[in-house]
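Take a look at the structure below.
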Amino acid sequence: LFNGSKFNCSDRSGLVELAECAALCNDSALDYNETKKIFEKVGEATETALTVLVEKMNVFNTDKSRLSPQELAMSSNTIIRQKYRKDFTLEFSRDRKSMSSHITPAGKTAGSASSGAKMFVKGAPESVIERCTHIRVGTQKAPMTPLIKQEIMKLVHQYGTGRDTLRCLALGAIDNPMKREEMDLETATKFINYETNITFVGVVGMLDPPRSEVIGAIERCRDAGIRVIMITGDNKNTAEAICRRIGIFKDNQDTRGKAFSGREFDDLSIEEQSEACRHAKMFARVDPAHKSKIVEYLQSHGEITAMTGDGVNDAPALKKAEIGIAMGSGTAVAKSAAEMVLADDNFSSIVSAVEEGRAIYNNMKQFIRYLISSNVGEVVCIFLTAALGLPESLIPVQLLWVNLVTDGLPATALGFNPPDLDIMERPPRNPKESLITPWLFFRYMAIGTYVGAGTVGASCWWYVSYHDGPLLTWGQLKHHFRCAAGGKEFEDIDCDVFDDPHPMTMALSVLVTIEMLNALNSLSENQSLIKMPPWTNKYLLFAIALSMSLHMMILYVPMFNTVFQICPLTLEEWAAVMKISLPVVFLDELLKFIARRYIDVSPKNRELNELEDKKNH
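Take the sequence shown: its letters are residues 1279 to 1895, numbered as in this note's numbering.
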């Protein structure tokens, strides 16, 4: 289409030459996949886009209605490639930012005076247009003036920074190229000397829109304290426009000191380069060496770097970064240099992997926290019993049962905890940070102390306060070992009461119940049970139900009563068990609130807290 009307590209000789340049200065192809019933690219994506353009232009008016899908894939390109013979290619190099193909018309002898040989050139507009001496006008050519160059570059800038953010390539032709024997094809640094006296043919713009989910993924990275840096070979203006489009830069943000081209970066001193990497968010027109250098500078600042790449040239930077991530569609060299391969080539998958990694680490901490606080409780129980001279609350076989069976099921299920709601709002964890921080240790001790005190308290309640119990005084309970000696304080007491299984059953039931409630507390490190209710981990609910069922089994099956020296409890005794056990939930909720408000405050919550404090003052 041209100005909204159908347009025949074959009517313009300049467009025919542009199609020839796009087809011949190209090593890609299109192929029809019979199994998937789709057309697939063979080769690099940018070159494949040019191959598709040639097919759409159809400059030789090929009747495609009768062609099979296999023939249709490359019909126009095939005609052009039959019309000309490609003699050799001057491969792309970063210094000249272009590549070229030497071609000869079919049937002509390469190198002869009348061969009609040409060279087609394609590359970065700022590089190719700078070397153009003429511009194609119809079948003729006119001198390329500075004003024309300025107008073309202005158009390229509009394409690159406009609504569609097109990636632009300039195409040109050399009508009288040097002969092959006059060129040193082994030295890439000399190729720029052979791509001279170029006649400008045209500019093509490729729409390479970012995936819709990228904007949200970058926002999540920002919330998580992860700095996203875009490193690209694109033109700086185009790269900045893409960065604004995906949220790396805001619409009107000043990019000075945050966006650099490879040349601008090279012009800085070593100290300035290092400082630039502290704040930069975008590097354009970079060489492979730049990527490795950027990684080194970031690492020197104590940053943990994750580098993505797909080409052979990306391999050194992928190897150097802490986490090298190769694209699934990338080269074998890039994949072998990387620590992981991104199968779907989707940036948002990296963000999801970060979230999953943080969730796994959190679940590991919750697993440890649950078991340690439970074990601390058992230690506190034994210590209090011995220190206060109380009757034995738990015996070894009961502790063994709790540790191996009752605790094991919920602990395993904690591995299936969902990610915390604010997990991607926290700053990255310092790799040198201890797994158990002072605050976490305090929480272990606080919960563990309550578990132990509650367990001993349940036993004491039955002895001292329960109306169906012996209603002993505290002094009688502390000096229970004197009962057998027949002291005055035990005149009305049957010493067999100290062998009654009820107090031990109460202690064991409180221990098991508190630990089940403690497992619910371990659903999240800092999130309240109101925000992350128990049913967010169905495996944990099932594990708790199974553990409680096993506890009921040893309570109400006579055979197990003998083994564990316990007995069935009444409803009133169960009510006391629940009253003693439930406060552990409120205690942990208080500790979580303190952590959210003062200890592990996410950047977003810190801002909200500061705003709230300002309002209060």
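Beta carbons: idealized from backbone N, C-alpha and C, even for Gly.
Kindly give me the distance between the Cβ atoms of methionine 1794 and isoleucine 1844, rounded to whole angstroms, as I take these residues to be in contact under 8 Å.
To locate residue 1794, count along the sequence shown from 1; it is residue 516. To locate residue 1844, count along the sequence shown from 1; it is residue 566. The Cβ separation is near 17 Å, so there is no contact.
Among His1780, Gly1726, Asn1839, which residue has its Cα nearest to the Cα of glycine 1747?
Counting from one through the sequence shown, the residue named residue 1747 turns up at place 469. Answer by Cα proximity: His1780.
Go through the region 1797-1842 residue by residue and report every complete run of the alpha helix (DSSP H) that reaches 4 residues or more, in order.
1816-1834, 1836-1842
Please report the residue range of the alpha helix (DSSP H) in which cysteine 1555 lies.
The count along the sequence shown starts at 1 and reaches residue 1555 at position 277. First-last of the alpha helix (DSSP H) with cysteine 1555: 1548-1557.
Go through the region 1638-1694 residue by residue and report every complete run of the alpha helix (DSSP H) that reaches 4 residues or more, in order.
1674-1679, 1686-1691
Out of curiosity, what's the CA-to-CA distance linking asparagine 1475 and lysine 1342?
To locate residue 1475, count along the sequence shown from 1; it is residue 197. To locate residue 1342, count along the sequence shown from 1; it is residue 64. The alpha-carbon atoms of asparagine 1475 and lysine 1342 are separated by roughly 37 Å.
Nearest to isoleucine 1572 by CA position, among Trp1679, Ser1552, Cys1446, Val1775, is which residue?
Taking the first residue of the sequence shown as position 1, residue 1572 is located at position 294. The option with the nearest alpha carbon to isoleucine 1572 is Ser1552.
If you pair each beta-carbon of the region 1429-1446 with each one of the region 1290-1302, do three or more pairs fall below 8 Å?
Here the region 1429-1446 does not lie against the region 1290-1302, with fewer than 3 beta-carbon pairs under 8 Å apart.
What residues in its chain sit with their C-beta under 6 Å from that of serine 1378, if we drop five residues either side in the sequence?
What you label residue 1378 is simply residue 100 of the sequence shown in a count that begins at 1. Closer than 6 Å at the Cβ level, and outside the excluded window around serine 1378, lie Leu1368, Met1397, Val1399, Glu1473.
Measure the alpha-carbon distance for aspartate 1462 versus aspartate 1529 and round it to whole angstroms.
Numbered from 1 along the sequence shown, position 184 holds the residue referred to as residue 1462. Numbered from 1 along the sequence shown, position 251 holds the residue referred to as residue 1529. Rounded to whole angstroms, aspartate 1462 and aspartate 1529 show a C-alpha spacing of 47 Å.
I'd like to confirm something about leucine 1713: is its beta-carbon nearer than 6 Å to some heavy atom of the ligand PLP, or not?
Although the ligand PLP was asked about, the structure shown includes no ligands whatsoever.
Pick from Ala1301, Ser1737, Ala1323, Glu1322: whose alpha carbon is nearest that of lysine 1334?
Here residue 1334 corresponds to residue number 56 of the sequence shown, with the count starting at 1. Ranking Ala1301, Ser1737, Ala1323, Glu1322 by Cα distance to lysine 1334 puts Ala1301 first.
For a test of the three-state rule: what should DSSP assign to methionine 1431, helix, strand or coil?
Taking the sequence shown and counting its residues from 1, the one referred to as residue 1431 is at position 153. Here methionine 1431 sits in helix by DSSP.
For the beta strand (DSSP E) holding alanine 1307, just list the boundary residues, first then last.
The sequence position of residue 1307 within the sequence shown is 29, counting from 1. For alanine 1307, the enclosing beta strand (DSSP E) stretches over residues 1307-1311.
For isoleucine 1496, which residues in the same chain have their Cβ closer than 7 Å to its Cβ, ignoring the five residues on either side in sequence?
Along the sequence shown, one-based indexing puts residue 1496 at 218. Cβ within range, chain order: Val1506, Ile1524, Gly1525, Ile1526.
Between isoleucine 1548 and arginine 1636, is the Cβ-Cβ spacing less than 7 Å?
Counting from 1 along the sequence shown, the entry for residue 1548 is found at position 270. Counting from 1 along the sequence shown, the entry for residue 1636 is found at position 358. In this structure, isoleucine 1548 lies away from arginine 1636, with their beta-carbon atoms at least 7 Å apart.
Relative to the C-alpha of leucine 1308, which candidate in Glu1295, Val1294, Ala1327, Lys1314 has its C-alpha closest?
As a first step, residue 1308 must be located in the sequence shown, where it is residue number 30. Minimum Cα distance to leucine 1308 is reached at Ala1327.
What is the C-beta distance between arginine 1374 and isoleucine 1452, in whole angstroms, given that I count them as a contact (C-beta under 8 Å)?
By 1-based counting over the sequence shown, the position of residue 1374 is 96. By 1-based counting over the sequence shown, the position of residue 1452 is 174. Between isoleucine 1452 and arginine 1374 the Cβ distance is about 14 Å, and since that is not below 8 Å, they are no contact.
Measure the alpha-carbon distance for tryptophan 1752 versus serine 1743 and round it to whole angstroms.
Position 474 of the sequence shown, counted from the first residue, corresponds to residue 1752. Position 465 of the sequence shown, counted from the first residue, corresponds to residue 1743. Their backbone Cα atoms lie some 10 Å apart in a straight line.
Just verifying my parser: in three-state terms, what is the DSSP assignment at lysine 1342?
Counting from one through the sequence shown, the residue named residue 1342 turns up at place 64. In the structure shown, lysine 1342 sits in coil (DSSP, three-state: anything other than H, G, I, E or B).
In terms of DSSP beta bridges, what is glutamine 1418 paired with?
Position 140 of the sequence shown, counting from 1, holds the residue named residue 1418. Val1415.
Check whether the Cβ atoms of glycine 1602 and glutamate 1617 sit closer than 7 Å, and answer yes or no.
Here the question's residue 1602 lines up with position 324 in the sequence shown. Here the question's residue 1617 lines up with position 339 in the sequence shown. Contact flag set, yes.
Are leucine 1824 and leucine 1687 touching if we call contact CB-CB under 7 Å?
Here residue 1824 corresponds to residue number 546 of the sequence shown, with the count starting at 1. Here residue 1687 corresponds to residue number 409 of the sequence shown, with the count starting at 1. Yes, Cβ-Cβ distance for leucine 1824 and leucine 1687 is below 7 Å.
Measure the Cβ-Cβ separation of threonine 1264 and histidine 1412 and say whether it is below 7 Å.
Nothing about residue 1264 can be read from this structure; the chain reaches only from 1279 to 1895.
Consult DSSP for valine 1399 and reduce its assignment to one of helix, strand or coil.
Position 121 of the sequence shown holds residue 1399. Correct three-state label for valine 1399: strand.
How do the region 1658-1665 and the region 1617-1629 stand: do at least 3 beta-carbon pairs fall below 8 Å, yes or no?
no
Name the DSSP bridge partner or partners of leucine 1368?
Working through the sequence shown from its first residue, we reach residue 1368 at position 90. Note: leucine 1368 sits in a beta bridge opposite Ser1378.
Smallest Cα separation from proline 1846: which of Thr1814, Met1810, Met1784, Gly1732?
Numbered from its first residue, the sequence shown carries residue 1846 at position 568. Selected option, being the one with the closest Cα: Met1784.
Can you give me the start and stop residues for the beta strand (DSSP E) that alanine 1562 sits inside?
Here residue 1562 refers to the residue found at position 284 of the sequence shown. Per DSSP, alanine 1562 belongs to the beta strand (DSSP E) from 1560-1562.
With a threshold of 8 Å, are at least 3 pairs of Cβ atoms found where one atom belongs to the region 1580-1587 and the other to the region 1308-1321?
no
Whose CA, out of Gly1540, Cys1521, Asp1565, Arg1541, lies closest to the CA of aspartate 1232?
What the structure shows of the chain is the stretch from 1279 to 1895, and residue 1232 is not part of that stretch, so it cannot be assessed.
Answer with buried or exposed for tyrosine 1722, where buried requires no fewer than 16 other C-beta atoms within 10 angstroms of its C-beta.
Here the question's residue 1722 lines up with position 444 in the sequence shown. The residue in question, tyrosine 1722, is buried, as its Cβ has 16 or more Cβ neighbours within 10 Å.
For methionine 1508, which residues does DSSP report across the bridge?
Counting from 1 along the sequence shown, the entry for residue 1508 is found at position 230. Methionine 1508 pairs with Met1560.
Flag this pair as touching only if the region 1721-1736 and the region 1834-1844 have three or more C-beta atom pairs under 8 Å; answer yes or no.
no
Suppose you measure from the CA of phenylalanine 1486 to the CA of glutamate 1633; what does that come to, to the nearest Å?
Reading the sequence shown from its first residue, position 208 is the one you call residue 1486. Reading the sequence shown from its first residue, position 355 is the one you call residue 1633. Here residue 1486 turns out to be aspartate, not phenylalanine, going by the sequence shown. Each residue's alpha carbon lies about 27 Å from the other.
According to DSSP, simplified to helix, strand and coil, what is tyrosine 1728?
Position 450 of the sequence shown, counted from the start, is the residue given in the question as residue 1728. Assignment of tyrosine 1728 by DSSP, reduced to helix, strand and coil, places it in the helix class.
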